[in-house]
């Protein structure tokens with residue numbers, strides 16, 4: 026087979042239908058009901074979720090102001106996929122019966138309860154469950170929501186979604202989130218040199234100044 030000269034245009038894929046599909050999924054997400062954290066009932070499914078803050082912590086008062094009338098500004102966006110998803114070892118039936126979405130939100134509730142100067146009652150969530158072929162959209166919609174909303178704990182303060190690295194792996198530093206909100210037992214075991222708390226807080230304030238209703 027004769028090889029052709031390199032032409033970048035022949036490698037670029039674009040589909041307006043896909044762009045509209047993502048927009049439609051985001052619109053659906055923004056219209057889903059708001060619930061406490063964790064949600065009041067255990068449910069099956071995987072998908073995408075967002076956490077919203079409406080409390081009185083002075084550091085995050087901007088979120089309370091922005092979300093006063095409607096929940097439009099998430100502080101964190103995440104996804105939950107079935108175990109084995111990345112290795113393609115999960116079937117559609119297993120995906121639809123997974124509790125990973127509920128479990129992930131519940132896990133976050135424990136982090137918030139442990140974190141200093143945070144009150145779980147000040148947080149709410151919304152989520153979308155993707156089933157069957159729709160589950161292929163999970164990562165795409167998560168990325169779209171992060172790009173659109175620039176949630177603080179995704180883009181400015183890292184570490185909220187971290188897990189215990191396990192015994193023998195505590196040489197790393199605490200994340201920025203764990204510097205600001207001390208209290209997670211496993212994070213307190215980390216013995217690396219973390220970032221300066223005052224610098225993190227200054228970065229948070231600068232980020233929040235850029236958030237405003239359209």
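Residue numbers (this note's numbering): 26 to 239.
Heads up, the beta-carbon is just placed ideally off N, CA and C, and yes, glycines get one too.
Note that this is a predicted model, so its numbers are computed, not measured.
Can you tell me which residues form a DSSP beta bridge with residue i?
i: residue 3; result: With the chain represented from 26 up to 239, any question about residue 3 goes unanswered, as that position is not in the structure.
i: residue 78; result: 148
Are the Cβ atoms of residue i and residue j separated by less than 8 Å?
i: residue 127; j: residue 64; result: yes
i: residue 202; j: residue 182; result: yes
i: residue 73; j: residue 124; result: no
i: residue 102; j: residue 167; result: yes
i: residue 42; j: residue 162; result: no
i: residue 248; j: residue 100; result: Residue 248 falls outside the range modelled here, since the chain spans only 26 to 239, and no answer is possible.
i: residue 197; j: residue 173; result: no
i: residue 84; j: residue 226; result: yes
i: residue 47; j: residue 169; result: yes
i: residue 204; j: residue 222; result: yes
i: residue 195; j: residue 151; result: no
i: residue 220; j: residue 143; result: no
Any idea if residue i is buried or exposed, counting beta-carbon neighbours within 10 angstroms, 16 or more meaning buried?
i: residue 71; result: buried
i: residue 112; result: Summary for residue 112: the model assigns pLDDT 48, below 50, so the residue's position carries little reliability, and this model does not support an answer.
i: residue 40; result: exposed
i: residue 30; result: exposed
i: residue 106; result: buried
i: residue 76; result: buried
i: residue 104; result: buried
i: residue 27; result: exposed
i: residue 54; result: buried
i: residue 94; result: exposed
i: residue 33; result: exposed
In this structure, how does DSSP classify residue i when only helix, strand and coil are distinguished?
i: residue 133; result: helix
i: residue 103; result: strand
i: residue 60; result: strand
i: residue 196; result: coil
i: residue 95; result: coil
i: residue 34; result: helix
i: residue 28; result: coil
i: residue 187; result: coil
Which same chain residues end up closer than 7 Å to residue i when comparing Cβ atoms and leaving out the 5 residues on each side of it in sequence?
i: residue 44; result: none
i: residue 136; result: 185, 209
i: residue 236; result: 87, 91, 98
i: residue 134; result: 62, 63, 145
i: residue 165; result: 47
In its own chain, which residues sit with a C-beta less than 8 Å from the C-beta of residue i, not counting the 5 before and 5 after it?
i: residue 232; result: 175, 177, 180, 181
How about residue i: is its C-beta nearer than 8 Å to some C-beta of chain B?
i: residue 159; result: Among the chains in the structure shown there is no chain B, since it carries only a single protein chain.
Using only the heavy atoms of the ligand GDP, determine whether one of them is closer than 7 Å to the beta carbon of residue i.
i: residue 182; result: Ligands are entirely absent from the displayed structure, and the ligand GDP is therefore not among its contents.
Give me, in chain order, the residues of the same chain whose beta-carbon lies closer than 6 Å to that of residue i; leave out the 5 immediate sequence neighbours on both sides.
i: residue 141; result: 206, 207, 208
i: residue 211; result: 189
i: residue 67; result: 127
i: residue 158; result: none
i: residue 200; result: 183, 184, 187
i: residue 10; result: The structure shown has nothing for residue 10, since the chain only spans 26 to 239.
i: residue 139; result: 208, 209
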